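Q:
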Amino acid sequence: MKQPFLGKIAIAAILLSAAALNVNAQKIQEQELKINVADISNPVKHLVNLEPITFKYDVSKFNYLKLPSGNQYGFKTNNLKTEFPEMVKETGKVYSAGKNNSKIAKYDEAQTQSLIPVLVAAIKEQQAQIDKLKKELAQLKQSAK
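Quick note, the sequence shown lines up with residues -25 to -1, 1 to 120 if you use mature numbering (1 follows the signal peptide of the UniProt record, and there is no 0).
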């Protein structure tokens, strides 16, 4: 009977701790956190060289890594590393290898969420090219009259 009461006290303590942390939280401005800020150069040139793939992890062979099942979308890490080396990180997962024994499996993993700013930069670059072509086309039509 006391266990539900203790659980409520624990939840209340956690909430109070979180509130206390929030009150004492330091707000750091973005310009303080980020240094060497620069535009992304030639995004389309780099994206054109990527080869998007679909794949499935071998979850039966590597079940101890607890990889997601089903179809995945991504890139071969070697291909991504050629264009965006900072988007490929070595990941290590600890897994049980018997009684009182564990091992670490290491493999390269693509940090594809980092591609979002590159994609936005590429769209902006292509839109500028489209706008320029539209303007040139309008001028050609005007001069043909």
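Heads up, the beta-carbon is just placed ideally off N, CA and C, and yes, glycines get one too. Nothing here was measured: the structure is a model prediction, and the numbers come from that model.
1. Taking the alpha-carbon positions, what's the T57 to E111 distance?
2. Who are the near neighbours of K78 in its chain, counting only those whose CB is closer than 7 Å to its CB and skipping five residues on each side?
3. Can you tell me which residues form a DSSP beta bridge with Y82?
4. Mind checking whether the beta-carbon of N11 lies closer than 6 Å to any heavy atom of the ligand ATP?
5. What residues are listed by DSSP as bridge partners for P27?
6. Pick from E26, S44 and V19: whose alpha carbon is nearest that of V34?
A: Taking the coordinates as given:
1. Taking the first residue of the sequence shown as 1, we reach residue 57 at position 82. Taking the first residue of the sequence shown as 1, we reach residue 111 at position 136. The alpha-carbon separation between T57 and E111 amounts to approximately 36 Å.
2. In the sequence shown, residue 78 corresponds to position 103, counting from 1. The answer, listed in chain order, is Y70 and A72.
3. On the sequence shown, position 107 is the one that residue 82 refers to. Residue pairing from DSSP places Y82 in a beta bridge opposite T66.
4. Because no ligand of any kind appears in the structure shown, any question about the ligand ATP cannot be addressed here.
5. By 1-based counting over the sequence shown, the position of residue 27 is 52. The secondary-structure analysis by DSSP pairs P27 across a beta bridge with F50.
6. Numbered from 1 along the sequence shown, position 59 holds the residue referred to as residue 34. Ranking the options by Cα distance to V34, first place goes to S44.
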